[in-house]
Structure formats: C-alpha cells, structure tokens
Amino acid sequence: EIVGVYPHGDELIIVMPNAIHYINPDSIPNKTYNLRITEITQNNKRLTTSELSTLLPNFNPVNISMSLLDFQAAKDISYQYNLNGGEWQTIAINTLTLSNLASGSYKLNLRAINKYTNRVFDAKSLSLYVEKPWYKTTAFIIFANALLFGLALWIYKVIERKRKERDESI
C-alpha cells in the first residue's frame with residue numbers, strides 16, 4: 008500500500024506504512040509508458056469507450072482527454088491522432104475534440120510522442136461508428152423510391168384515363 012509519492016530532485020520518494028523508498032526513475036532499465044484515455048465527454052457528460060463506438064448523426068462535439076504518466080517527460084510530450092490511418096495531426100493540448108464526422112466507421116489512432124525526437128512513447132486505438140441520418144437509411148430510400156414510383160404510376164393512369172375519355176367523346 009502506497010501512502011504517498013513525492014518528487015525530490017531527480018528521485019521519487021515513495022512512502023509506505025512501514026517504509027520509505029527513494030527511486031531514481033532514470034535508473035529503471037526498461038521504462039514503459041502508458042497512454043491513458045483519462046476522460047471522454049460530450050455536453051459535459053462522461054462517456055465510456057463503448058458509448059463512443061456508436062454516435063448519432065450530427066452528434067455534438069466529443070472531447071477525448073489523454074495523458075502519459077511520466078512527470079519527467081511531461082514537458083516533452085506531444086499528442087497526435089489520425090482517422091483510418093490518415094496523416095498524423097498534432098493537437099495543441101492533451102484533449103482531442105471530434106465533430107462533423109460523416110456517417111461511417113472510423114479507427115481513431117492516438118499516440119504520445121516526444122516532440123523533439125518524434126519517438127513514440129505509446130499508442131492507442133478506438134473504434135467509432137457514426138450512424139447514418141434517417142433520410143440516408145436503406146429503408147427510407149426504398150420507401151421514397153416506392154412512393155415516387157407509385158405516384159408516377161398513378162399520374163400515368165390518370166392521364167391515360169383522361170385520354171381515353173377524350174377519345175371516346177370524339
């Protein structure tokens with residue numbers, strides 16, 4: 008059980024109920040970094056990654072905050088994203104705002120890099136799906152086409168009936 012962690016010069020002081028440990032993070036041979044999604048919000052409401060996987064059409068902007076847990080490298084970290092393997096975009100802060108995505112499936116790739124060396128610390132991927140608006144669904148398109156076909160057929164029959172009545176009256 009860790010009671011507290013405090014920076015002291017180049018070391019960390021880890022306080023436990025029955026001991027105090029001094030650790031120099033640079034002395035750890037294989038440093039691992041972990042990019043964490045710290046928060047996903049929409050309209051000031053927290054979302055889970057599963058709620059993010061299905062978004063309504065014309066959805067309100069979604070904010071995805073992330074962090075890399077390394078206090079020493081914090082000033083050197085830059086965050087980037089891309090959609091479906093496109094070009095990497097750097098974001099100014101650790102929060103990405105998604106809005107105005109067309110309907111369809113997306114793979115959102117996030118990564119934390121060293122902004123000076125471009126070394127990738129860690130990366131994560133999220134799946135997104137933006138639903139089609141109701142007027143672009145297959146069912147609506149079939150219904151609208153059937154309605155237009157029926158209307159065209161009705162107009163044709165009315166015109167044909169009027170033509171026959173006119174021909175009979177002559």
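With the numbering used here applied, the sequence shown corresponds to residues 8 to 177, in that order.
The beta-carbon is built from N, C-alpha and C at its ideal position, and this holds for glycine as well.
All figures in this text were calculated on a predicted structure; none of them were measured in a lab.
Quick check on residue i: buried or exposed, where buried means 16 or more other Cβ atoms within 10 Å of its Cβ?
{"i": "residue 73", "result": "buried"}
{"i": "residue 76", "result": "exposed"}
{"i": "residue 96", "result": "exposed"}
{"i": "residue 27", "result": "exposed"}
{"i": "residue 86", "result": "buried"}
{"i": "residue 120", "result": "buried"}
{"i": "residue 135", "result": "buried"}
Looking only at its chain, what residues have a beta carbon closer than 7 Å to the beta carbon of residue i, apart from the 5 residues adjacent to it on each side?
{"i": "residue 130", "result": "42, 116, 117 and 118"}
{"i": "residue 24", "result": "8 and 10"}
Below 8 Å on the Cβ atoms is my guess for residue i versus residue j; work out the distance and round it to an integer in Å.
{"i": "residue 137", "j": "residue 110", "result": "5 Å"}
{"i": "residue 147", "j": "residue 141", "result": "6 Å"}
{"i": "residue 71", "j": "residue 103", "result": "5 Å"}
{"i": "residue 12", "j": "residue 19", "result": "6 Å"}
According to DSSP, which residues form a beta bridge with residue i?
{"i": "residue 145", "result": "Its beta-bridge partners do not exist; DSSP assigns none."}
{"i": "residue 154", "result": "None; residue 154 has no bridge partner."}
{"i": "residue 69", "result": "49 and 105"}
{"i": "residue 130", "result": "118"}
{"i": "residue 14", "result": "19"}
{"i": "residue 111", "result": "137"}
With a threshold of 8 Å on Cβ separation, who are the neighbours of residue i within its own chain once the five nearest residues in sequence on each side are excluded?
{"i": "residue 132", "result": "114, 115, 116 and 117"}
Return the chain-ordered list of same chain residues with a C-beta closer than 6 Å to the C-beta of residue i, the five sequence neighbours on each side being excluded.
{"i": "residue 49", "result": "67 and 69"}
{"i": "residue 89", "result": "95 and 116"}
{"i": "residue 4", "result": "This structure leaves residue 4 out entirely; the chain is present only between 8 and 177."}
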